[in-house]
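Chains as they are written, first to last, in our numbering: chain A, 8 to 254; chain B, 87 to 407.
The C-beta atom is built at its ideal place from N, Cα and C for all residues, glycine as well.
Bear in mind that the values here come from a model prediction, so they are computed numbers and not experimental data.
In what follows, a single structure is set out as C-alpha cells and then discussed.
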Ligand SMILES: Cc1cc2nc3c(=O)[nH]c(=O)nc-3n(C[C@H](O)[C@H](O)[C@H](O)COP(=O)(O)OP(=O)(O)OC[C@H]3O[C@@H](n4cnc5c(N)ncnc54)[C@H](O)[C@@H]3O)c2cc1C
Ligand SMILES: Nc1ncnc2c1ncn2[C@@H]1O[C@H](COP(=O)(O)O)[C@@H](O)[C@H]1O
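In C-alpha cells form, the structure reads like this:
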C-alpha cells in the first residue's frame with residue numbers, strides 16, 4: 008500500500024505578521040518556518056503509524072514549494088516516511104497547488120492521500136477536496152480518527168455540532184486534524200536517516216492559476232481594553248448591554 | 087449570470103450559517119444586477135418558500151433522501167450539474183464543516199477560483215475581489231478571482247442575517263445523484279447544546295478554573311446567556327471538558343458576537359481561534375495576562391468571585407427584560 012502525505016511550510020504560530028511592498032507581500036524577515044502543524048502532527052504521524060504496523064506500507068511526502076521548503080521536508084522525513092517529492096513552484100492559488108499534487112498522485116498510484124485540515128497561514132481547507140476531485144477519489148474531511156482494516160477505512164469526522172463515523176474503501180483522500188494521531192518529536196536516528204532519504208525535485212505540471220492576491224491588510228487595532236472593577240460587576244453588564252449591545 | 091447559494095441542512099433543518107450565506111449571496115446578486123437562488127440537497131422539513139425572506143427568488147431542490155448524508159464526491163456531482171442547468175456563475179457556500187468538505191471540490195470540478203473563508207462582500211468595482219481571513223485571523227488578504235465561475239465560502243458569523251418580504255419559488259431539479267462511496271455508520275450529535283461554531287455568545291474557561299469540579303459557575307453563566315461553552319487546550323487535554331470544546335489554532339475556530347474568557351491567559355495559539363469574535367470579555371486575576379491586550383472589556387479579579395456575580399447581574403437584566 009502506498010500513502011501520500013501533503014506537507015506545507017508555514018510561519019511559526021508566534022511569528023509577527025507584517026507585509027511589505029505596499030502590503031502585497033508577506034514580510035518573511037525573521038520568520039521561523041515550520042511544517043504546517045496539521046500536516047506534521049496528524050497526517051504524517053498517522054501515516055507513519057500505519058507503516059509501523061505494516062512494514063510493507065510505503066509513505067511518500069509531497070510539498071509544492073521553492074528550495075526554501077527543503078529544511079521543512081527534511082524535518083518531516085526525520086519523523087518517518089520513505090521519500091519526499093518537492094514540486095518546484097511557489098503559489099498561493101489552491102487550484103494550482105492541488106493540480107501539482109494531483110499530477111504526483113496520479114503518477115504514484117497512491118491508495119491513501121492525507122492532508123492537514125488547513126494551512127495555518129492561508130486557512131483554505133481547500134487542497135484536500137480539490138486533489139480528491141482531480142484524481143476522482145472520495146474525500147473525507149476533518150477526520151478526528153482514522154482506522155484501516157484491509158481495504159476499508161473507518162473515519163470519524165467532524166460535522167457541525169458533533170461527529171459522524173464514515174466507512175469507505177480505498178483509495179480515498181482524508182484531511183486530518185486533532186485526534187487522528189499524537190504529535191511526535193523526531194529522534195536522532197530519524198534525523199540521521201533523513202539525510203540519506205531521497206528528496207526528488209520535479210518541475211511543475213502545466214496548470215492554471217485562478218486567483219491572485221491583490222493586497223494584504225492587518226485588522227484595525229483594538230481600541231484597548233476597558234477595565235471594570237471586580238467590585239462593580241453590574242457596570243460590566245451595563246456596558247455589554249448598552250454600549251457593546253452584545254447581551 | 088446568477089448567484090447560487092448552497093444551503094446546508096442538518097436533520098431536515100436549515101443551518102444558521104446557510105441563512106447568512108443566503109443573505110450574503112443575495113447581496114452579491116443585488117450588487118451585480120443579477121438574481122440569486124438557493125440550492126437545497128436532500129429532504130427538509132423547513133418551509134422552503136420562506137427562504138425568499140432572505141433574498142432569493144428561487145429555491146432549487148434535489149429532494150433525494152440519499153443526499154441527507156454528506157458524500158463530497160456525490161455532492162460535487164450534483165452541485166456541478168445544478169450550476170450547469172441554472173447557469174450560475176457565482177457560487178456561495180458557508181465555510182462551515184460542510185462547506186469545507188465540498189466547496190473547494192466543486193471549485194476544482196468547475197475549474198473555478200475559490201476564496202475560502204470570506205470575511206466581507208466582494209468588491210466588484212474592478213474584477214471580483216474578496217477579502218478573506220489569513221494567518222488564523224491575524225490578517226486579511228484581498229484575493230481576486232480570475233476564472234469565469236467564482237466560488238466563495240463565507241466565514242460563519244461574519245455577515246448578518248437580514249430579512250425582508252418575499253416568497254421564493256421552489257423548483258425541483260431532475261438530477262440523479264451517483265451512489266455514495268462513503269457510508270455513514272453512526273452520527274453523534276451533541277444535542278440540546280448550542281453548537282459552538284453557530285453560537286452568538288460563547289463562555290470559555292481555562293486552567294485558571296483549577297479543575298472540572300469548578301465548571302458549575304461557568305455553566306450557570308452560559309445558561310443565563312443562552313451561550314455555548316468552550317475551553318482552552320490544556321483543559322481539553324486534561325479531560326476537564328470534552329475535546330470538541332477546545333478552541334484555538336489546533337481546536338475549533340469561532341467568531342461569536344461575544345466571547346467571555348474566564349481564567350484563560352490568552353496565548354497566541356488560543357487567540358488564533360477566537361480573535362474574530364466581535365466583543366471579547368476577559369476575566370483573569372493577573373492584570374498582566376496577555377488576553378487583556380486582545381480584549382474589549384475586562385475585570386482583573388478572581389473568577390470564583392466575579393463569575394457568580396456576573397450571572398446574578400445578567401439574571402437581573404433579563405428579568406427586567
Ligand atoms: C503549537 C501549539 C498549538 C496550541 N494550540 C492551542 C489551541 O488551539 N488552543 C489553546 O487554548 N491553546 C493552545 N496551545 C497552548 C497555549 O500556548 C497555552 O498553553 C494555553 O492556551 C494556555 O491555557 P490556559 O490559558 O487555560 O492556561 P494558563 O496559561 O495556565 O492560564 C491560566 C490563566 O488563569 C488565570 N487564573 C488563575 N486563577 C484564576 C482565578 N482564580 N480567577 C481568574 N483567573 C485565574 C491565570 O492568571 C492565567 O492567566 C497551543 C500551544 C502550541 C505550542
Ligand atoms: N504547498 C503545498 N504543498 C503540499 N501540500 C500542501 C500545500 N499547501 C497545502 N497543502 C496541503 O493541503 C492542506 C490544506 O491546505 P489549505 O487548503 O491551504 O488550507 C494542508 O494541510 C497540506 O496538507
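message: Could you pull the DSSP bridge partners for residue 147 of chain B from this structure?
response: Here the question's residue 147 of chain B lines up with position 61 in the second chain. According to DSSP, which records beta bridges pairwise, residue 147 of chain B is partnered with B:126 and B:258.
task: Using the Cα positions of residue 106 of chain B and residue 140 of chain B, report the straight-line distance between them to the nearest angstrom.
output: As a position in the second chain, residue 106 of chain B is number 20, starting the count at 1. As a position in the second chain, residue 140 of chain B is number 54, starting the count at 1. When rounded, the distance between both Cα atoms is 9 Å.
message: Need the endpoints of the beta strand (DSSP E) that residue 119 of chain A sits in, please.
response: Against the first chain, residue 119 of chain A aligns to sequence position 112. Counting along the chain, the beta strand (DSSP E) containing residue 119 of chain A begins and ends at 119–123.
- prompt: For residue 390 of chain B, is the beta carbon positioned less than 7 Å from some heavy atom of ligand 1?
  reply: On the second chain, residue 390 of chain B is found 304 positions in, with the first residue counted as 1. Yes, the Cβ of residue 390 of chain B comes within 7 Å of a heavy atom of ligand 1.
message: At a cut-off of 7 Å, would you count residue 50 of chain A as near ligand 2, judging by its Cβ distance to the nearest heavy atom?
response: Reading the first chain from its first residue, position 43 is the one you call residue 50 of chain A. Answer for residue 50 of chain A: yes, Cβ within range of ligand 2.
Where the beta strand (DSSP E) through residue 356 of chain B begins and ends: As a position in the second chain, residue 356 of chain B is number 270, starting the count at 1. Premise fails: residue 356 of chain B lies in the alpha helix (DSSP H), 354–360, not in any beta strand (DSSP E).
message: Given 7 Å as the limit, tell me if residue 20 of chain A has its C-beta closer than that to any heavy atom belonging to ligand 2.
response: As a working mapping, residue 20 of chain A is identified with position 13 in the first chain. Not so, every heavy atom of ligand 2 lies at least 7 Å from the Cβ.
message: Can you determine whether any heavy atom of ligand 1 sits closer than 7 Å to the C-beta of residue 375 of chain B, and answer yes or no?
response: For the purposes of this step, residue 375 of chain B is identified with residue 289 of the second chain, where counting begins at 1. Yes, the beta carbon of residue 375 of chain B sits closer than 7 Å to at least one heavy atom of ligand 1.
task: Work out the CA separation of residue 385 of chain B and residue 240 of chain B for me, nearest whole Å.
output: One-based indexing of the second chain puts residue 240 of chain B at position 154. One-based indexing of the second chain puts residue 385 of chain B at position 299. Cα-Cα distance, rounded: 33 Å.
- request: Inspect the beta-carbon positions of residue 150 of chain B and residue 263 of chain B and report whether they are closer than 8 Å.
  value: Working through the second chain from its first residue, we reach residue 150 of chain B at position 64. Working through the second chain from its first residue, we reach residue 263 of chain B at position 177. Taking 8 Å as the Cβ cut-off, residue 150 of chain B and residue 263 of chain B qualify as a contacting pair.
- prompt: Does the region 350–358 of chain B come within contact of the region 371–382 of chain B, defined as at least 3 CB pairs closer than 8 Å?
  reply: yes
- request: Please state if the CB of residue 387 of chain B and the CB of residue 402 of chain B are separated by a distance shorter than 8 Å.
  value: As a first step, residue 402 of chain B is located in the second chain; it is residue number 316 there, counting from the start. As a first step, residue 387 of chain B is located in the second chain; it is residue number 301 there, counting from the start. Result no, Cβ atoms of residue 402 of chain B and residue 387 of chain B do not sit closer than 8 Å.
query: Going by beta carbon distance, what residues of the same chain come within less than 8 Å of residue 249 of chain B, once the five residues before and after it are set aside?
result: Indexing the second chain from 1 puts residue 249 of chain B at position 163. These residues qualify, in order along the chain: 139 and 140.
message: Against chain B, does residue 132 of chain A count as a neighbour if the rule is that its beta carbon must be under 8 Å from one of theirs?
response: Here residue 132 of chain A corresponds to residue number 125 of the first chain, with the count starting at 1. Chain B contact via Cβ: present.
- prompt: beta strand (DSSP E) containing residue 245 of chain B: first to last residue?
  reply: Within the second chain, residue 245 of chain B is the residue found at index 159, counting from 1. Premise fails: residue 245 of chain B is in no beta strand (DSSP E) and is neither H nor E.
- request: Note down, in chain order, all residues in the region 246–278 of chain B with a beta-carbon under 9 Å from any beta-carbon belonging to chain A.
  value: 266, 267, 268, 269, 270, 271, 272, 273, 274, 275, 276 and 277
field: Whole-angstrom distance between residue 102 of chain B and residue 285 of chain B, CA atom to CA atom
entry: Residue numbering aside, residue 285 of chain B sits at position 199 when the second chain is read from its first letter. Residue numbering aside, residue 102 of chain B sits at position 16 when the second chain is read from its first letter. Computed Cα separation, rounded: 10 Å.
message: Tell me which residue opens and which closes the beta strand (DSSP E) that residue 233 of chain A is part of.
response: As a working note, residue 233 of chain A is residue 226 in the first chain. It spans 233–235 - the beta strand (DSSP E) in which residue 233 of chain A sits, taken as one unbroken run.
- prompt: When every heavy atom of ligand 1 is checked, does at least one fall within less than 7 Å of the C-beta of residue 321 of chain B?
  reply: Position 235 of the second chain, counted from the start, is the residue given in the question as residue 321 of chain B. The answer is yes for residue 321 of chain B.
field: CB of residue 291 of chain B within 8 Å of CB of residue 304 of chain B, strictly
entry: As a working note, residue 291 of chain B is residue 205 in the second chain. As a working note, residue 304 of chain B is residue 218 in the second chain. Going by C-beta atoms, residue 291 of chain B is nearer than 8 Å to residue 304 of chain B.
Neighbour list for residue 176 of chain A in chain B, Cβ cutoff strictly below 9 Å: As a working mapping, residue 176 of chain A is identified with position 169 in the first chain. Per Cβ cutoff of 9 Å: 267.
field: Extent of the continuous alpha helix (DSSP H) to which residue 151 of chain A belongs
entry: Within the first chain, the letter at position 144 stands for residue 151 of chain A. Where residue 151 of chain A is concerned, there is no enclosing alpha helix (DSSP H), although the beta strand (DSSP E) it sits in stretches over 146–156.
- prompt: What residues of chain B sit near residue 128 of chain A, judged by a beta carbon separation below 9 Å?
  reply: On the first chain, residue 128 of chain A is found 121 positions in, with the first residue counted as 1. Here the neighbours are 220, 221 and 222.
query: With a cut-off of 8 Å, does the C-beta of residue 120 of chain A fall near any C-beta of chain B?
result: The sequence position of residue 120 of chain A within the first chain is 113, counting from 1. No, because no Cβ of chain B sits closer than 8 Å to the Cβ of residue 120 of chain A.
Whole-angstrom distance between residue 212 of chain A and residue 110 of chain A, CA atom to CA atom: Looking up residue 110 of chain A in the first chain gives position 103. Looking up residue 212 of chain A in the first chain gives position 205. One C-alpha to the other measures close to 7 Å.
query: Tell me, which residues are paired with residue 99 of chain A by DSSP?
result: The sequence position of residue 99 of chain A within the first chain is 92, counting from 1. Residue 99 of chain A pairs with nothing; no bridge assigned.
- prompt: Going by beta carbon distance, what residues of the same chain come within less than 7 Å of residue 115 of chain A, once the five residues before and after it are set aside?
  reply: Your numbering for residue 115 of chain A matches position 108 in the first chain. 9, 11 and 67, listed in sequence order.
task: Could you tell me whether any non-hydrogen atom of ligand 2 is closer than 7 Å to the CB of residue 258 of chain B?
output: Against the second chain, residue 258 of chain B aligns to sequence position 172. Outside the cutoff, so no.
field: Nearest-angstrom Cα separation, counted from residue 97 of chain A out to residue 86 of chain A
entry: Within the first chain, numbered from 1, the residue matching residue 86 of chain A stands at position 79. Within the first chain, numbered from 1, the residue matching residue 97 of chain A stands at position 90. Distance between the alpha carbons of residue 86 of chain A and residue 97 of chain A: 24 Å.
Coarse secondary structure for residue 40 of chain A, derived from DSSP in three states: Locating residue 40 of chain A in the first chain gives position 33, counting from the first residue. If DSSP states are grouped into helix, strand and coil, residue 40 of chain A belongs with the strands.
message: In whole angstroms, give me the CA-to-CA distance for residue 182 of chain A and residue 346 of chain B.
response: As a first step, residue 182 of chain A is located in the first chain; it is residue number 175 there, counting from the start. As a first step, residue 346 of chain B is located in the second chain; it is residue number 260 there, counting from the start. Cα to Cα, residue 182 of chain A sits roughly 31 Å from residue 346 of chain B.
- prompt: Taking the Cβ atom as the reference point for each residue, do residue 127 of chain A and residue 69 of chain A lie within a distance shorter than 8 Å?
  reply: As a first step, residue 127 of chain A is located in the first chain; it is residue number 120 there, counting from the start. As a first step, residue 69 of chain A is located in the first chain; it is residue number 62 there, counting from the start. Contact: no.
- prompt: Any heavy atom of ligand 2 within a distance shorter than 7 Å of the CB on residue 146 of chain A?
  reply: Your numbering for residue 146 of chain A matches position 139 in the first chain. Incorrect: residue 146 of chain A has no Cβ contact closer than 7 Å to ligand 2.
- prompt: Is residue 121 of chain B near ligand 1, in the sense that its beta carbon is under 7 Å from a heavy atom of that ligand?
  reply: Within the second chain, residue 121 of chain B is the residue found at index 35, counting from 1. No, Cβ of residue 121 of chain B sits at least 7 Å from all heavy atoms of ligand 1.
message: I'd like the span of the beta strand (DSSP E) that includes residue 320 of chain B, first residue to last.
response: By 1-based counting over the second chain, the position of residue 320 of chain B is 234. Where residue 320 of chain B is concerned, there is no enclosing beta strand (DSSP E), although the alpha helix (DSSP H) it sits in stretches over 319–323.
query: According to a CB-to-CB cut-off of less than 7 Å, which residues of the region 136–153 of chain A neighbour chain B?
result: 136, 137, 139, 140, 141, 145, 146, 147, 148 and 149
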